[in-house]
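Participant: Be aware that the sequence shown starts at 87, since it is given in my numbering, and climbs by one per residue. Note that CB positions come from ideal geometry on N, CA and C, so glycine has one too.
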Amino acid sequence: MAEEDTEALLEVLRESDDDASTLEQRFRITHQCRTQHMPAPLVDALKHAGAVWRDTVVIQNYVATPPSEQAVTMPPAMAMRGEYDCVNERCLDEWKGVFNHNMVELRTLEGCSHHGLLERGTFYGETLDNFFSKHDR
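Given below as structure tokens:
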């Protein structure tokens, strides 16, 4: 997500309430995780933000790129974002170009922000199940 996209989301929040002391919390509740209290798994993950949590050294500089022309066709893929996500549709759309086929489904999860799994777990699971069932061979 581009810095200007984040700033635009923050500006909307500022326009609705100019209390700077609550801006970070309102951003979290609106665009990151739409729960009153931050779920424990997210708290644990954020404690490790910017640090090596698990052995991630091998992927720390990874950038997704399209496969070569000689590559075997990749399996169907789905990219998801929440309706209120800080990740916008433009970011999601860019994932389509990373695959060497047009079987990439883009989904916007209704009523969710960035952490739909923690907000609407059953709905999130059903969305995945429907995708995998559709492409199960």
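1) In chain order, what residues of the same chain have a beta carbon less than 8 Å from the beta carbon of glutamine 122, not counting five sequence neighbours either side?
2) Taking 8 Å as the threshold (C-beta atoms), are leucine 109 and arginine 100 in contact?
3) Using beta-carbon positions only, say whether asparagine 186 and proline 161 come within less than 8 Å of one another.
4) Let me know the alpha helix (DSSP H) ranges lying completely inside the segment 92 to 127, each 4 residues or longer, listed in chain order.
5) In the DSSP output, what is glycine 168 paired with across the bridge?
Facilitator: This is what the structure gives:
1) Ile115
2) yes
3) no
4) 109 to 113
5) Leu195
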